[in-house]
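Chains A and B, in that order, are what the protein sequence lines are. First residue of the first sequence? That's 0 in numbering that gives the first Met the number 0, and the numbers climb one at a time after it. First residue of the second sequence? That's 0 in numbering that gives the first Met the number 0, and the numbers climb one at a time after it. Think of the CB as a built atom: it goes at the ideal place given N, C-alpha and C, for glycine as much as any other residue. All of these numbers come straight from a predicted model, not from anything done at the bench.
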Amino acid sequence: MTSSIVVSSRRSTAALLAAVLVAAACASATSPTPPPVGASPTPEPTGPTGTLTIALSADTESMDPHRVYQKAGLSIMDALFDTLIAIDRADRSILLPGLAETWTTSPEAIELTLRGGVTFSNGEPFDAEAARFSILRVMDIDPATGQPIADDALKLNSDYSRSYGAVTSVEVVDPLTLRINLSRWDAGLLPALATLAMLPPEHAAAVGNEGLKTQPVGTGPYVLSEWIPDDHATLVASDFPWDRERGKALVQEVIFRPIPDVSTRISELTSGGVQIAQDIPVDQAAAVEAGGARIVSFDDGRHTEIWLTADKGGQLATSGDATPAQLQAIEALSKVEVRTALNMAVDRQAYVDALFNGFATPMTHAFVPGDIGYTPVIEPWPFDPDGARLLLAGAGYPDGFEADLDVCTCDAATSDLIAAVQADLARIGVRTTIREAEIGAFNGAWASGATNPMRASRLSFLDPNIYGLFWLHTGGLLSRFSDPEMDRFVDEQAAQMDPARRRELLHKVAALTHDLAPAIFLVGFQSVYGVAATGVTGWQPHILGHISVLDTAVGG
Amino acid sequence: MAEGRGVAAYIARRIAYQAIVLVGVAFLVHVLILLSADPARALLPPTTSPEAVEAFRRAQGWDQPLPVQFAAFLARAVQGDFGTSIRFGQPALGVVLERVPATLGLGVVGLAVALAIAVPLGSLAALRRGTWIDGAVRGFAVLGASVPGFVLGQVLILVVAVGLRALPVSGGGSIAHLVLPGFVVGVASTPGLIRILRASLLEVYGRDYIRTAFAKGLSARAVLLRHALRNAAIPVVTFLAFDIAGLLSGVIIVERVFAYPGMGQLAVQAISGRDLPVIQAFVFVTALTIVVTNLLLDVVYTRIDPRIRVAR
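Here you go:
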């Protein structure tokens, strides 16, 4: 079975590479993403050739990789930038060398040996200084002083900063050795480094935070040749190629075109205007195939669940203006029988079949296929409304109860799903009222302790330690759940350095989320792409949900 | 001399009114944005700590009372400074102005399409008043008004771009890219234009000078082109000037359908990304366009039709 590559200090580079090869070989058998489309391309000895045009569903938010979070923009970032560590595009638990050739880990530090001879596209050398600058930049720490940036106007406020809570300092040991000092071991750090683009410090100083929004300079396989926002970004293969484990640039020119209207995106695909189209809605997949293109899909880790206020209203749901109905709902949800009943009342398979045309997966616990903690051995809850009613009656709610259900207006795409859940819950007497709020109010109300019994949450996480388990931990961000055993396993896996042992602990977390049901776990979503029937070879979806153009060839 | 002063005063008064309109629009947008959501919360990742959100709010000046914020905004706005785009890190006004030519191109093609369809059809309907031709033209106008731009756009894409491969499906950058979206924009204005032109021509045809023209032996064609259309044009021009607001809002939808990189796409992106300076600058440029058009119309009226009184 595959496992994370965490290199202990005793391992040599050769051993690491061997391990990577073995891991990659294992991955090909069990890979959560589908195999590459078409025949595997044979790299031309003459270098990259041809043009590949990709339809994205939106334009990138920015050309500053530390401010890009959506998969449309990340697709462009993947081509322009490199990271210290890379993630195998078919399996997120496999870490590959990136700009760091090897790394050693201990509870006190991660030490990375960097690849020599790599330059940014502006000629600046890539070295430990650049790596240190890039990490400190997302942490809003001034590289000159090593202290937090005081001026609020100069802060980046990057979403990536949250992954570096365990980092105390970043040291340049020598030009090719970087040491990240830690206050504690955090298993999420290595995957986090796999999403952190390396930036050139001199260029960044010259153009500033504002300039980086439009002037990207990376070490990546491609460089930006032209960006007309909302129209296209044209990338050409870099003149400074190096052998990346994560893949090779086989196409000379890549054009990313943001086409927000899905019908137009499909028309471009079927008329040959683009070769790959992102975000095909599940109900359009048949139309794409009818138009002569292929559909490629995989479980991408996004999922929706309904969090339940399960801490007896303890620390969080403390608002004084709670109505008797809200208090009753919170009291009911503190009982595991009630929470289990809710999970038995929802017909996940019907949602998958009817609402997602099969492009989704019923959840059985907090993780979905592709997550490191996912385990297929946990039995799904039966869809059993009668049994659910019995459980409710046994817990003292023979007539059910009323509950408010918070839904974010940003999740309009899942409103059908939530409506179906609402209908299913009503069948066992749990009468929910949907309260829609815009994202700021939605998060604010839950965080501030307003008395909301239920909240629809859409999550996806790179690693369970990065936005994965916070809501399950006593006192965690947005958490309304508290269980000592859960806390113990969540803490232990976070501090665990052995990937196999960590996976076992995560499986325990998984089992607990099933048994204690802190949420109504609904379905995991799939990313659906349209790919031209001919002319594209080697392309495979990336497990992180963006489009990587590496190892993809055109023509033939 | 006295009349010239009167006109100048009239124009000055119109300019002052329109400036008030602009300030009012700016204020409304400012308030609406702040009311719609806490921009600091919306812009920062959901997991940002309350202290960091507060610091960000302070850095952006959003902790100040609304009138203070608006006064500061206005003071900068009159100098053309709408702040820095959150997405692009560049002056917001420049970001918006960069998109003007693309959208203007679409508008010009749309206008040409609208006139090319509406003038012959409207004239035909007026000349053949009450016949089946008149009925067919009016039916066409109703149909045109009923088909939304995004539907017509998709139909054209499927037929012309995907089926015939005659034009590009979407995108911008060449004349060919303007044809389909320009057509859709134009068609949206056509029905109103046909109706106005038809009604206006019917009125003109009842006038004495038309009867005189016919009496001196001019052909129907010459009467239409030389006398009737010219006189019927005044309400049509008025309609077009007022239709600019409709044209602009139609362009936003059409730009999205055709992934056309104009002001509309920019505005939609700015709204979804809470790029407040760009939203402000966009609304300002749009409002200014409409205000200036109205102003020009007022001025033109006083020139072409002296009966429009320079009233106090």
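Assign residue i to one of three DSSP states: helix, strand, or coil.
i                 : result
Leu166 of chain B : coil
Asp550 of chain A : coil
Arg264 of chain A : helix
Glu209 of chain A : helix
Asn342 of chain A : helix
Leu296 of chain B : helix
Leu477 of chain A : coil
Tyr221 of chain A : strand
Pro240 of chain A : coil
Gly172 of chain B : coil
Arg197 of chain B : helix
His231 of chain A : strand
Glu107 of chain A : coil
Glu123 of chain A : coil
His513 of chain A : helix
Does the beta-carbon distance from residue i to residue j come in below 8 angstroms?
i                 : j                 : result
Ser160 of chain A : Met138 of chain A : yes
Ala41 of chain B  : Gly439 of chain A : yes
Leu177 of chain A : Leu113 of chain A : yes
Ile275 of chain A : Leu192 of chain A : no
Thr213 of chain A : Gln89 of chain B  : yes
Gly369 of chain A : Val508 of chain A : no
Gly143 of chain B : Leu200 of chain B : no
Glu244 of chain A : Leu51 of chain A  : no
Asp413 of chain A : Thr303 of chain A : In the sequence under discussion, the amino acid at residue 413 of chain A is Thr, which differs from the Asp named in the question. For Thr413 of chain A and Thr303 of chain A, yes; Cβs fall inside 8 angstroms.
Trp306 of chain A : Met485 of chain A : no
Leu179 of chain B : Leu166 of chain B : yes
Thr360 of chain A : His513 of chain A : no
Taking the C-alpha atoms as reference points, what is the distance between residue i and residue j?
i                 : j                 : result
Ala344 of chain A : Leu389 of chain A : 11 angstroms
Gly219 of chain A : Tyr163 of chain A : 23 angstroms
Asp403 of chain A : Thr432 of chain A : 5 angstroms
Cys25 of chain A  : Asp90 of chain A  : Unreliable placement is indicated for Cys25 of chain A, whose pLDDT of 35 sits below 50; the coordinate value is still reported in the next sentence. Those two C-alpha atoms are separated by around 10 angstroms.
Ser248 of chain B : Gln268 of chain B : 15 angstroms
Val527 of chain A : Lys70 of chain A  : 13 angstroms
Ala510 of chain A : Arg66 of chain A  : 35 angstroms
Pro190 of chain A : Asp462 of chain A : 7 angstroms
Leu96 of chain B  : Phe72 of chain B  : 19 angstroms
Of all the CB atoms in chain A, is at least one closer than 8 angstroms to the CB of residue i?
i                 : result
Ser248 of chain B : no
Gly171 of chain B : yes
Phe87 of chain B  : yes
Leu239 of chain B : no
Ala41 of chain B  : yes
Asp62 of chain B  : no
Arg75 of chain B  : no
Ala18 of chain B  : no
Glu257 of chain B : Strictly speaking, residue 257 of chain B in this sequence is Phe, with Glu absent from that position. Chain A, which has a Cβ nearer than 8 angstroms to the Cβ of Phe257 of chain B, makes this yes.
Val168 of chain B : yes
Ala51 of chain B  : yes
Phe81 of chain B  : no
Ala58 of chain B  : yes
Using only CA atoms, which one of the options lies nearest to residue i?
i                 : options                                   : result
Gly49 of chain A  : A:Pro368, A:Asn156 and A:Thr233           : A:Thr233
Asp415 of chain A : A:Asp352, A:Ala516 and A:Thr263           : A:Asp352
Lys247 of chain A : A:Gly554, A:Gly443, A:Gly97 and A:His302  : A:Gly97
Arg564 of chain A : A:Thr194, A:His513 and A:Ser456           : Outside the shown range of chain A, which is 0 to 555, sits residue 564 of chain A, and nothing can be said about it.
Phe125 of chain A : A:Ala108, A:Leu175 and A:Glu107           : A:Leu175
Gly386 of chain A : A:Ala419, A:Arg338 and A:Phe355           : A:Arg338
Asp242 of chain A : A:Met485, A:Asp81, A:Ser478 and A:Glu437  : A:Asp81
Val236 of chain B : B:Leu114, B:Val159, B:Tyr16 and B:Ala187  : B:Leu114
Gly210 of chain A : B:Arg86, B:Phe241, B:Ala18 and B:Leu105   : B:Arg86
Cys407 of chain A : A:Gly145, A:Gly443, A:Gln492 and A:Phe460 : A:Gly443
Asp62 of chain B  : B:Asp37, B:Leu295, B:Arg98 and B:Gly79    : B:Asp37
If we cut at 8 angstroms on Cβ distances, does residue i have a partner in chain B?
i                 : result
Glu110 of chain A : no
Thr374 of chain A : no
Arg454 of chain A : no
Glu107 of chain A : no
Lys212 of chain A : yes
Glu267 of chain A : yes
Arg256 of chain A : yes
Thr308 of chain A : no
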